[in-house]
Amino acid sequence: MQNLYKPQVYPKDLHSLITQTRTGIELANRWMLGWPAKVKTLIEAQEYQVAFEMQLEQEIEAEANAAQYSHLSSWEKREVLGLSESP
1071 MQNLYKPQVY PKDLHSLITQ TRTGIELANR WMLGWPAKVK TLIEAQEYQV
1121 AFEMQLEQEI EAEANAAQYS HLSSWEKREV LGLSESP
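Just so you know, we're using my numbering here: the sequence shown kicks off at 1071 and counts up by one.
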């Protein structure tokens, strides 16, 4: 399983939420690697959890309904399905 990138940035409750699933860790890592300032702003404004849960739900649902795209990588699937990469 993938490790969470910069786990010290997240408050304990967010860390627990993120690390419940592989998809959650991948999402958090993608956001932190691509948009670290935005992630920190969302955490400080206490808006990270809502944004994270909405995006996670969309990605889990998309993955469940993307059998015809099994030949694509996860980022290619997100692009084809119109999911946002950024927070």
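We treat Cβ as the ideally placed atom computed from N, Cα and C, and that holds for glycine. In this text the structure is predicted, and so the values were computed from the model without any measurement.
**Message:** Given a cut-off of 8 Å on the beta-carbon distance, is the pair Leu1153 and Gln1128 in contact?
**Reply:** yes
**Request:** Leaving aside the five residues before and after Pro1077 along the sequence, list all residues of the same chain whose C-beta is less than 7 Å from its C-beta, in chain order.
**Result:** His1085
**Request:** Could you tell me if Val1109 is buried or exposed, where buried requires 16 or more neighbouring beta carbons within 10 angstroms of its beta carbon?
**Result:** buried
**Request:** Report all residues from its chain with a CB closer than 8 Å to the CB of Leu1103; omit the five preceding and five following residues, and keep chain order.
**Result:** Tyr1075
**Buried versus exposed call for Arg1092 [16 or more other C-beta atoms within 10 Å across all chains shown]** = exposed
**Beta carbon of Gln1072 nearer than 8 Å to that of Glu1096** = yes
**Prompt:** On the premise that Ile1113 lies in contact with Tyr1080, defined as a C-beta separation below 8 Å, what is that separation, rounded to the nearest angstrom?
**Reply:** Between Tyr1080 and Ile1113, the beta carbon gap of about 7 Å places them in contact (Cβ cut-off 8 Å).
**DSSP three-state assignment for Thr1093, whether helix, strand or coil** = helix
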